[in-house]
Amino acid sequence: MSGPATPVDDVVVRGQRRPNGSTNPFPPEPSNDPPLPGQDATIEPEEGFHACDNPATREDWDTDAAARQARQAIEAAAAAAGEAGLTYRERGVWLLRQANGTIVASQPWDGALFQPGVIPTTTFSFAGINPKDIVGFVHNHDVGMHAPSYDPVSNYGDAQALDAIAAAVTSAGGNGDDVRMYIVAQTNGANPYNKITVYTKANAHSSAQSGSVGPEVNPNATFCPIP
1 MSGPATPVDD VVVRGQRRPN GSTNPFPPEP SNDPPLPGQD ATIEPEEGFH ACDNPATRED
61 WDTDAAARQA RQAIEAAAAA AGEAGLTYRE RGVWLLRQAN GTIVASQPWD GALFQPGVIP
121 TTTFSFAGIN PKDIVGFVHN HDVGMHAPSY DPVSNYGDAQ ALDAIAAAVT SAGGNGDDVR
181 MYIVAQTNGA NPYNKITVYT KANAHSSAQS GSVGPEVNPN ATFCPIP
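Following this note's numbering, the numbering of the sequence shown begins with 1 at its first residue and continues without gaps.
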């Protein structure tokens with residue numbers, strides 16, 4: 001991004017994401033360079049506004065980084081169990097806001113095994129956490145399954161789970177509309193990798209019903225510098 005500083009209200013790209021299927025670069029990391037003489041210290045030299053410069057956009061940036069940590073934790077749990085990547089079992093992870101404002105990933109827990117024709121079930125328990133602290137959650141799907149699950153018969157799936165978690169967050173005094181749901185799944189084709197996609201209440205139901213895939217999160221997402 002170049003040119004003059006961009007007002008926060010005009011910034012439409014959130015977090016460390018790009019449209020699904022895009023080959024464009026992910027948003028760049030913030031610079032650690034000192035400001036130029038006479039330049040506002042909150043503005044990146046020669047880059048304009050950066051998401052880390054404002055709390056309203058910083059949280060998306062750091063939540064994406066925590067989702068990357070969650071993916072690594074799920075990968076490590078699968079390896080420790082002797083599983084072949086993320087194509088054997090579903091696992092879940094909470095993303096939680098700490099008292100100092102930082103975002104952390106919980107330890108992963110085991111969900112159901114993947115079976116043909118069966119939507120796996122992973123229970124997200126609120127035990128030991130305050131729902132108000134939830135900023136997102138992460139779970140993995142089988143290979144190539146990057147969109148939220150949807151069952152029109154039972155009306156149960158990932159989008160409905162997001163609704164339930166968001167309602168719990170709102171009831172606890174948080175903003176349920178901003179809760180992010182991340183799905184991790186191995187890509188098909190050559191050079192497969194564990195792709196992270198993200199959804200909120202704004203796009204989860206439409207994506208679940210149509211099979212469209214949400215924005216892709218940088219697989220190497222980094223946290224904002226500590227102020």
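Even glycine gets a Cβ: it sits at the ideal position worked out from N, Cα and C. Quick caveat, the model's predicted, so the values are computed rather than measured.
Between the region 133-152 and the region 207-214, do at least 3 Cβ pairs fall closer than 8 Å? The answer is yes - the region 207-214 touches the region 133-152, with three or more Cβ pairs under 8 Å.
Am I right that residue 195 and residue 185 are in contact with their C-beta atoms under 8 Å? What's the rounded C-beta distance? Confirmed, Cβ separation roughly 6 Å.
Name the one or two DSSP bridge partners that residue 181 has. Per DSSP, 137 and 199.
For residue 19, tell me which candidate among 226, 225, 217 and 221 has the shortest Cα-Cα distance. The shortest Cα separation from residue 19 among 226, 225, 217 and 221 belongs to 217.
Whole-angstrom C-beta distance between residue 67 and residue 182, which should lie under 8 Å: The Cβ separation is near 4 Å, so the contact holds.
Simplified DSSP state of residue 151, which is helix, strand or coil: Here residue 151 sits in strand by DSSP.
Would you mind reading off the limits of the beta strand (DSSP E) that contains residue 110? 109-113 is the extent of the beta strand (DSSP E) around residue 110.
What is the residue span of the alpha helix (DSSP H) that residue 284 lies within? Nothing can be reported for residue 284, as the shown portion of the chain is limited to 1 through 227.
What residue does the beta strand (DSSP E) around residue 97 start on, and which one ends it? Residue 97 -> beta strand (DSSP E) spans 89-97.
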